[in-house]
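These notes concern the structure reproduced below.
Protein chains in written order, with my numbering: chain A, -5 to 250; chain B, -5 to 250.
Shown next as structure tokens:
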């Protein structure tokens, strides 16, 4: 018996299984290493509220979403007749049609439309991942469909939490943990990433009462203070849609 | 009754109490914002193994520890007769007296001595915090003394996890959570920091079987693979010493 054999079962979780795809989690854009993901799918998670709003838009029939970083660019699109969703720190910009709440992206407003979208965090984050094989948007709203879709793609996965001003946040981490937990249970992925394992533990702690757990998140208080918290319960709802927003040629489109 | 009054008790944990000192946690040097800590004490946590080794050295009577970043600098000190502890990625450098295991810093070797210390992570991290009010070293080995000492100082506290190559790691986070939990229980601190709250949750999850929980940490496997894991159980031992390593004039000295 080779040395350490008795321990091998206990520790097998930490030995990477080379036959499986790699799963990693990044708690902040500031921790994202742009190189090394040319063969990976990056899942952007910004559940309060950009990634939830984007999933809602596609659920309600939006054709595509053009993410833009600069306010001036969003304004120019508006002058050309586009529907524009634009906010900074939770406040709707004056020229925009609406802001960042999923409740804005109703069927009557977005069905059949292309939306130009500019938020505090989200659009810069998408640009950060341009060298990845593919960038998709994840949230609780599309979580089961996302798991099925990722399993079909046969690629390494990196879960990228938007965080808040480059800081770790609880709500995106818990959602990353929920996705990671599902992916590992599919038996197609392996991980030796501490962030992924910690995110799963936080998810398992949060899952019996997700809204209760999210109460402690700083963003929960920020949205409450601005009276923007009406959509939080909705953002924590699993499986509102089967749509997977995927970046293709500079715009998000729905894959199924 | 003002609007929202019924909810105020439920949410009071997220309203910062301005009469209390602020407690924050940073999961990686890459997330550390050098500005804004001129009045804060930064606690550096690198439990496997630098901060545990440093605490052990002072427990065993070391007079001071000079952290140096560059190998050439460590070599120069060696040529001048200093005791030198130096490693890179767990390997002792050939000119050094010993490496990074706390078990090297025995009474007979370090008592009454000044040690020059250069590790993969630790020394660069200390330099990063130069603009803070004070930098101290934390680990499980000095945790209760650290809590008492911090409470006496009457300063905001930032817990800075060394992580691994700028990534989040489980072991430093759990130790930060343990320290944060003690500080909040002292009733002198308040936090609105998601990282602190998540670290505490991971600590509470880990604490019933800390060595078992740390099994999942990537650094646990790295040290095992290099046969450097003999000291891990020791590094997880609470309250081996009352000494608080504090940076003063370019060197760590023991405060009590």
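Glycine residues also receive a C-beta, built at the ideal position from the N, C-alpha and C atoms. Being a predicted model, the structure only gives us computed values, none of them experimental.
Identify the contact partners of residue 230/B in chain A, using a Cβ-Cβ distance below 8 Å as the criterion. As a working note, residue 230/B is residue 236 in the second chain. Simply none; closest approach about 16 Å.
Step through the CB atoms of chain B and report whether any lies within less than 8 Å of the CB of residue 181/A. Against the first chain, residue 181/A aligns to sequence position 187. Output row for residue 181/A: interface = no.
For residue 158/A, write down the residues that DSSP places opposite it in a beta bridge. Indexing the first chain from 1 puts residue 158/A at position 164. Note: residue 158/A is bridge-paired with 161/A in the DSSP secondary-structure output.
Residue 175/A: contacting residues in chain B (beta-carbon distance under 9 Å): Reading the first chain from its first residue, position 181 is the one you call residue 175/A. Near residue 175/A there are no residues of chain B at all, since even the closest Cβ is about 14 Å away, more than 9 Å.
Could you tell me the alpha carbon to alpha carbon distance between residue 115/A and residue 48/A, rounded to whole angstroms? Within the first chain, the letter at position 121 stands for residue 115/A. Within the first chain, the letter at position 54 stands for residue 48/A. Rounded to whole angstroms, the separation of the alpha carbons of residue 48/A and residue 115/A is 13 Å.
DSSP three-state label for residue 41/A, please. Numbered from 1 along the first chain, position 47 holds the residue referred to as residue 41/A. In the structure shown, residue 41/A sits in coil (DSSP, three-state: anything other than H, G, I, E or B).
Would you list, in sequence order, the uninterrupted beta strand (DSSP E) runs of no fewer than 3 residues that lie entirely inside the segment 78 to 143 of chain B? The beta strand (DSSP E) runs lying completely inside the segment 78 to 143 of chain B and spanning 3 residues or more are 108 to 112, 128 to 132, given in chain order.
Under 8 Å between C-beta atoms, does residue 161/A make it to chain B? On the first chain, residue 161/A is found 167 positions in, with the first residue counted as 1. Chain B, which has a Cβ nearer than 8 Å to the Cβ of residue 161/A, makes this yes.
Minimum Cβ-Cβ distance from residue 199/A to chain B less than 8 Å: In the first chain, the residue the question calls residue 199/A occupies position 205. Interface residue, yes.
So is residue 12/A in contact with chain B if we call contact Cβ pairs under 8 Å? For the purposes of this step, residue 12/A is taken as the residue at position 18 of the first chain. Not closer than 8 Å to any Cβ of chain B, the Cβ of residue 12/A fails to qualify, so no.
Range covered by the alpha helix (DSSP H) that runs through residue 205/B: Residue numbering aside, residue 205/B sits at position 211 when the second chain is read from its first letter. Residue 205/B -> alpha helix (DSSP H) spans 204 to 208.
When we look at the beta-carbon of residue 12/A and count the other beta-carbons within 10 Å, is it buried (16 or more) or exposed? Translated into the one-based positions of the first chain, residue 12/A becomes position 18. Counting C-beta atoms within 10 angstroms of its own C-beta, residue 12/A has fewer than 16 neighbours from the protein chains shown and is therefore classed as exposed.
Based on DSSP bridge pairs, tell me the residues matched to residue 20/A. To locate residue 20/A, count along the first chain from 1; it is residue 26. Its beta-bridge partners are 154/A.
Close-in-space but distant-in-sequence residues of the same chain around residue 198/A (CB under 8 Å, 5 per side omitted): As a first step, residue 198/A must be located in the first chain, where it is residue number 204. Take residue 198/A, set aside five residues on each side of it, and the residues of its chain with a beta-carbon closer than 8 Å to its own are 171, 175, in chain order.
Thinking C-alpha only, which one of 243/A, 68/A, 150/A is nearest residue 110/A? Taking the first residue of the first chain as position 1, residue 110/A is located at position 116. The shortest Cα separation from residue 110/A among 243/A, 68/A, 150/A belongs to 68/A.
Nearest to residue 250/A by alpha carbon, out of 142/A, 154/A, 232/A? On the first chain, position 256 is the one that residue 250/A refers to. Checking every option, the nearest Cα to that of residue 250/A belongs to 142/A.
For residue 237/A and residue 52/A, which I take to be in contact (beta-carbon distance under 8 Å), what is that distance rounded to the nearest angstrom? For the purposes of this step, residue 237/A is taken as residue 243 along the first chain, with counting starting at 1. For the purposes of this step, residue 52/A is taken as residue 58 along the first chain, with counting starting at 1. The pair is a contact, with the Cβ atoms about 4 Å apart (cut-off 8 Å).
Residues bridged to residue 69/B (per DSSP): Translated into the one-based positions of the second chain, residue 69/B becomes position 75. The secondary-structure analysis by DSSP pairs residue 69/B with nothing; it has no beta-bridge partner.
Kindly list the residues whose CB is nearer than 6 Å to the CB of residue 156/A, restricted to its own chain and excluding five residues on each side of it in sequence; keep chain order. Counted from its first residue, the first chain places residue 156/A at position 162. Result list for residue 156/A: 40, 115, 119, 166, in chain order.
How about residue 108/B and residue 60/B: are their beta carbons less than 8 Å apart? Reading the second chain from its first residue, position 114 is the one you call residue 108/B. Reading the second chain from its first residue, position 66 is the one you call residue 60/B. The answer is yes: Cβ separation under 8 Å.
Quick one: Cα of residue 240/B to Cα of residue 152/A, how far? Locating residue 240/B in the second chain gives position 246, counting from the first residue. Locating residue 152/A in the first chain gives position 158, counting from the first residue. Residue 240/B and residue 152/A have their C-alpha atoms roughly 38 Å apart.
Kindly list, in the order they appear in chain B, the residues whose Cβ is closer than 9 Å to that of residue 203/A. On the first chain, residue 203/A is found 209 positions in, with the first residue counted as 1. One finds nothing in chain B with a Cβ atom closer than 9 Å to the Cβ of residue 203/A; even the nearest lies about 13 Å away.
According to DSSP, is residue 242/A helix, strand or coil? Position 248 of the first chain, counted from the start, is the residue given in the question as residue 242/A. Taken through DSSP and simplified to helix, strand or coil, residue 242/A comes out as strand.
Could you tell me which residues DSSP puts in a beta bridge with residue 15/A? Taking the first residue of the first chain as 1, we reach residue 15/A at position 21. When beta bridges are read from the DSSP output, residue 15/A appears opposite 183/A.
Between which two residues does the alpha helix (DSSP H) containing residue 63/B stretch? Locating residue 63/B in the second chain gives position 69, counting from the first residue. Unbroken run through residue 63/B: none, as it is neither H nor E.
Can the beta-carbon of residue 104/B be found less than 8 Å from the beta-carbon of residue 54/B? Here residue 104/B refers to the residue found at position 110 when the second chain is read from its first residue. Here residue 54/B refers to the residue found at position 60 when the second chain is read from its first residue. The criterion of a C-beta distance shorter than 8 Å is satisfied by residue 104/B and residue 54/B.
Anyone know if the C-beta pair for residue 25/A and residue 161/B falls short of 8 Å? As a position in the first chain, residue 25/A is number 31, starting the count at 1. As a position in the second chain, residue 161/B is number 167, starting the count at 1. Remark: C-beta atoms of residue 25/A and residue 161/B approach each other more closely than 8 Å.
Taking its Cβ as the centre, do 16 or more other Cβ atoms sit within 10 Å of residue 210/A, making it buried, or is it exposed? Here residue 210/A refers to the residue found at position 216 of the first chain. Residue 210/A should be labelled buried.
Can you give the Cα-Cα distance for residue 193/A and residue 133/A, rounded to whole angstroms? As a position in the first chain, residue 193/A is number 199, starting the count at 1. As a position in the first chain, residue 133/A is number 139, starting the count at 1. Rounded to the nearest angstrom, the gap between the Cα atoms of residue 193/A and residue 133/A is 15 Å.
Which residues, in chain order, does the segment 21 to 44 of chain A contribute to contact with chain B at a C-beta distance below 9 Å? From the segment 21 to 44 of chain A, only 21, 22, 24, 25, 27 have a Cβ closer than 9 Å to chain B.
Since residue 46/A meets chain B, which of its residues come closer than 9 Å, beta carbon to beta carbon? Translated into the one-based positions of the first chain, residue 46/A becomes position 52. Ordered by position in chain B, no residue passes the 9 Å Cβ test against residue 46/A, which lies about 18 Å from the chain.
Here's a check: name, in chain order, each residue in its chain whose Cβ is nearer than 7 Å to the Cβ of residue 83/B, leaving out the five neighbours to either side. The count along the second chain starts at 1 and reaches residue 83/B at position 89. For residue 83/B, the CB contacts under 7 Å within the same chain, skipping 5 residues up- and downstream, are 114 in chain order.
Given this structure, state the Cα-to-Cα distance separating residue 76/B from residue 183/A, to the nearest angstrom. Mapped onto the second chain, residue 76/B falls at position 82. Mapped onto the first chain, residue 183/A falls at position 189. Whole-angstrom Cα-Cα distance: 49 Å.
List the residues of chain A whose Cβ lies closer than 9 Å to the Cβ of residue 167/B, in chain order. If you number the second chain from 1, residue 167/B lands on position 173. Residues of chain A with a Cβ closer than 9 Å to the Cβ of residue 167/B are, in chain order, 188, 192.
Throw me the rounded Cβ distance for the residue 20/A and residue 189/A pair, which I believe falls under 8 Å. Position 26 of the first chain, counted from the first residue, corresponds to residue 20/A. Position 195 of the first chain, counted from the first residue, corresponds to residue 189/A. With 8 Å as the limit, residue 20/A and residue 189/A qualify as a contact, their Cβ atoms being about 7 Å apart.
Opening and closing residue of the alpha helix (DSSP H) in which residue 228/B lies: Taking the second chain and counting its residues from 1, one reaches residue 228/B at position 234. Element bounds for residue 228/B: 226 to 229.
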